[in-house]
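K.L.:
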Amino acid sequence: MSAISPIADRQTPADSPAAVLTATRPVRHTGAVRVTHWLTTLAFFALLVSGGEIVLSHPRFYWGEIGNVNMRPWLNLHLPSSRGTVPTGYGYVLPDQNGWSRYLHFQAAWVAVATGLFYLLFGIFSGHFRRNLFPAGADLSAKAIGSSVLRHLRFERPEAGEAWSYNVLQRLTYLLVIFILFPLMIWTGLAMSFGFTSAFPATATLLGGHQSARSIHFLVTGLLVLFVLVHVVMIVVAGFRSRMRAMVTGRVPPATE
-2 MSAISPIADR
8 QTPADSPAAV
18 LTATRPVRHT
28 GAVRVTHWLT
38 TLAFFALLVS
48 GGEIVLSHPR
58 FYWGEIGNVN
68 MRPWLNLHLP
78 SSRGTVPTGY
88 GYVLPDQNGW
98 SRYLHFQAAW
108 VAVATGLFYL
118 LFGIFSGHFR
128 RNLFPAGADL
138 SAKAIGSSVL
148 RHLRFERPEA
158 GEAWSYNVLQ
168 RLTYLLVIFI
178 LFPLMIWTGL
188 AMSFGFTSAF
198 PATATLLGGH
208 QSARSIHFLV
218 TGLLVLFVLV
228 HVVMIVVAGF
238 RSRMRAMVTG
248 RVPPATE
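If you're matching positions, the sequence shown starts at -2 in this note's numbering and goes up one per residue.
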């Protein structure tokens, strides 16, 4: 007579109430949304770290086509520079990190672009954008938007039923990030590449030049970092465990249904 494994003994029967509840509970986030969310998150932080190292090579920003140490920047970050010729390293100079940082930035950018294209196609053809992101006409009234803004400023915890849909402020913010900020990051990133602009010069000239593209790239990065910080704070306010579980498993825990 064989012994019964204690692990097998603890398995939940397929027809148990817990298993039935899990199987019948509606999905909050589809698999495509969850996978693209986490891939984008990883790519974003890789781009942020590597981009920061690239900035250290010349932490000064200009408008127009040309920028160098003999020109007055519109923004001078007083950071220890990795280049001794840049008069912003006070007291010490960091090692040059341009090698690995540019390589990682390039690779992570392709991950972000590929993931974004997949998400865009999925959102269009599956109806995800129409159902979950595009707000209804009534939600775009000044009263509805103002009410949503006030609730966020007061850090009010969403009601249980709100776990199944985004409010109007969330929808507008996600649309701004997906359709304006991310495309602008890609555009300005390509506009900083002399190889790309040699074939498509309008990419840079429409932005005012290579240095303008770099400045816009930096400013949009700041907006995306601000979005991530607010996003995390709102997750904590709404219920960190339940929201994280929904983005990992796709389903909302029973307590928030």
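Glycine included, each C-beta is placed from N, C-alpha and C at the ideal position.
Between which two residues does the alpha helix (DSSP H) harbouring residue 199 extend?
P.N.:
The residue labelled residue 199 in the question sits at position 202 within the sequence shown. Residue 199 -> alpha helix (DSSP H) spans 199 to 202.
K.L.:
What residues match up with residue 73 in a beta bridge as DSSP calls it?
P.N.:
The residue given as residue 73 occupies position 76 in the sequence shown. BP columns for residue 73 point to 57.
K.L.:
What does DSSP give as the partner residue(s) for residue 248 in the beta ladder?
P.N.:
Position 251 of the sequence shown, counting from 1, holds the residue named residue 248. In DSSP, residue 248 forms a bridge with 24.
K.L.:
Take residue 149 as the anchor and find which of 106, 235, 214 has the nearest alpha-carbon.
P.N.:
Counting from one through the sequence shown, the residue named residue 149 turns up at place 152. Taking only the C-alpha atoms, the option nearest residue 149 is 235.
K.L.:
For residue 88, which three-state DSSP category applies?
P.N.:
Taking the sequence shown and counting its residues from 1, the one referred to as residue 88 is at position 91. Low local confidence applies: a pLDDT of 49 at residue 88 is under 50, so the model's placement there is unreliable, with the coordinate-based value given in what follows. Residue 88: coil per DSSP, three-state reduction.
K.L.:
Is the beta carbon of residue 62 sitting closer than 8 Å to the one on residue 207?
P.N.:
In the sequence shown, residue 62 corresponds to position 65, counting from 1. In the sequence shown, residue 207 corresponds to position 210, counting from 1. Result yes, Cβ atoms of residue 62 and residue 207 sit closer than 8 Å.
K.L.:
Distance, Cα to Cα, residue 102 vs residue 72?
P.N.:
Residue mapping note: residue 102 aligns to position 105 of the sequence shown, counting from 1. Residue mapping note: residue 72 aligns to position 75 of the sequence shown, counting from 1. Near 23 Å, if we compare the C-alpha coordinates of residue 72 and residue 102.
K.L.:
Given that a residue counts as buried once 16 or more other Cβ atoms are within 10 Å of its Cβ, and exposed if not, what is residue 180?
P.N.:
As a first step, residue 180 must be located in the sequence shown, where it is residue number 183. Exposed: under 16 other Cβ atoms inside 10 Å.
K.L.:
Quick test of the definition: if touching needs 3 or more C-beta pairs under 8 Å, does the region 215 to 228 touch the region 135 to 145?
P.N.:
Cβ pair count under 8 Å is below three, so no.
K.L.:
For residue 126, collect the residues of the same chain with a Cβ closer than 7 Å to its Cβ; drop the 5 residues on either side in sequence, then sort them by chain order.
P.N.:
Position 129 of the sequence shown, counted from the start, is the residue given in the question as residue 126. Contacts found: 120.
K.L.:
Could you give the C-beta distance for residue 44 and residue 105, rounded to a whole number, given that I count them as a contact under 8 Å?
P.N.:
In the sequence shown, counting from the first residue as 1, residue 44 sits at position 47. In the sequence shown, counting from the first residue as 1, residue 105 sits at position 108. The pair is a contact, with the Cβ atoms about 5 Å apart (cut-off 8 Å).
K.L.:
At what residues does the alpha helix (DSSP H) containing residue 116 begin and finish?
P.N.:
Taking the sequence shown and counting its residues from 1, the one referred to as residue 116 is at position 119. Start and end: 95 to 122.
K.L.:
In chain order, what residues of the same chain have a beta carbon less than 6 Å from the beta carbon of residue 272, not counting five sequence neighbours either side?
P.N.:
This structure leaves residue 272 out entirely; the chain is present only between -2 and 254.
K.L.:
How far does the alpha helix (DSSP H) with residue 163 in it reach, from first residue to last?
P.N.:
The count along the sequence shown starts at 1 and reaches residue 163 at position 166. Where residue 163 is concerned, there is no enclosing alpha helix (DSSP H), given that its DSSP letter is neither H nor E.
K.L.:
Please report how far the alpha carbon of residue 246 lies from the alpha carbon of residue 229, in whole angstroms.
P.N.:
What you label residue 246 is simply residue 249 of the sequence shown in a count that begins at 1. What you label residue 229 is simply residue 232 of the sequence shown in a count that begins at 1. About 18 Å.
K.L.:
If you reduce the DSSP assignment to three classes, tell me which class residue 152 lands in.
P.N.:
As a working note, residue 152 is residue 155 in the sequence shown. In the structure shown, residue 152 sits in coil (DSSP, three-state: anything other than H, G, I, E or B).
K.L.:
For residue 195, report the span of its alpha helix (DSSP H) as first-last.
P.N.:
Translated into positions along the sequence shown, residue 195 becomes position 198. Residues 191 to 196.
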